[in-house]
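Residues in the sequence shown are numbered consecutively from 59, following this note's numbering. Quick reminder that beta carbons are idealized off the backbone N, C-alpha and C, glycines included. Predicted, not measured: the structure shown is a model, and the values here were computed from it. Shown next, in structure tokens, is the structure this report addresses.
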Amino acid sequence: MPRTQEENDRIRQAAKENIRTAAMEVFIEKGYHASVIDDIAKRAGVSKGLMYNYYKGKEDLLAEMVKMRIKEINHVMHTAAALSSPSEQLKHIIEGAINNVKQHPKIYRFYLHLQTQPEKDKILSRYSQMLNEAMADQFEVQCGFFAKLGSADPRMRSLYFSSTLHGMMLMISTYPDGYPVEEIKEQTIRQFCEI
């Protein structure tokens, strides 16, 4: 019996996700420029032909990975914005960011590294700019949370919050075994979410 369109779509999405996962692993291990399609296809357990059926090449893979990362960031902020109080909104951001980095420290470092690429690297700087613009947009949403919380200077408080949160995320990704994640997370929640 032939597969339904839904089954074909599900198989296609699973194959694409498998290839993206393999690409992320290879990019983390070797760096974007040193990675080759052969390594990604081998890691994914697919033929190069099948991989090219889904992606034109490694830049196409990177582009989709960045788009998905931006969707994740947007989802976190939209979910936070839907919560009833600014304290809950900020707590959601803290818990989501910290838990994500704790589960995937290498992926966080990959995207952090991507965000800091030199402008002369024409390929990577394009995706760096996309990520940075998405982060800037979400920062504006976050400033609104601090305004609703009654902060005297919402922008400055939001900058301090982001600096604290990104510092924690970097420490967790760099020292995953020795960093007191839960204690620091609770302290951050008390500092920023309690009125």
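- Of all alpha-carbon atoms in Glu122, Asp211, Ala155, Glu241, the one lying nearest the alpha-carbon of Gln71 is that of Glu122.
- Take the alpha-carbon of Asp179 and the one of Ser186: they are about 10 Å apart.
- When Glu244, Tyr113, His136, Gly236 are compared, the shortest CA-CA separation from Phe197 is found for His136.
- The straight-line gap separating the alpha-carbon atoms of Gln200 and His162 is approximately 23 Å.
- Under a 10 Å Cβ-count criterion, Lys243 is classified as buried, with 16 or more other Cβ atoms of the shown protein chains found around its own Cβ.
- By the criterion of a C-beta distance shorter than 7 Å, Gln147 is surrounded in its chain by Ala138, Ala139, Leu141, Phe203, once the five residues flanking it on both sides are discounted.
- Taking His150 as reference, the option from Ile131, Glu83, Ala81 with the minimal CA-CA separation is Ile131.
- DSSP assignment within the stretch 128-186 yields the following whole alpha helix (DSSP H) runs of 4 residues or more, N-terminal first: 144-161, 163-173.
- Pairing Leu172 with Leu189 gives a Cβ-Cβ distance under 9 Å.
- In the DSSP annotation of this structure, the continuous segment of the alpha helix (DSSP H) that includes Ser231 starts and ends at 212-232.
- Pairing Met109 with Ile156 gives a Cβ-Cβ distance that is not under 9 Å.
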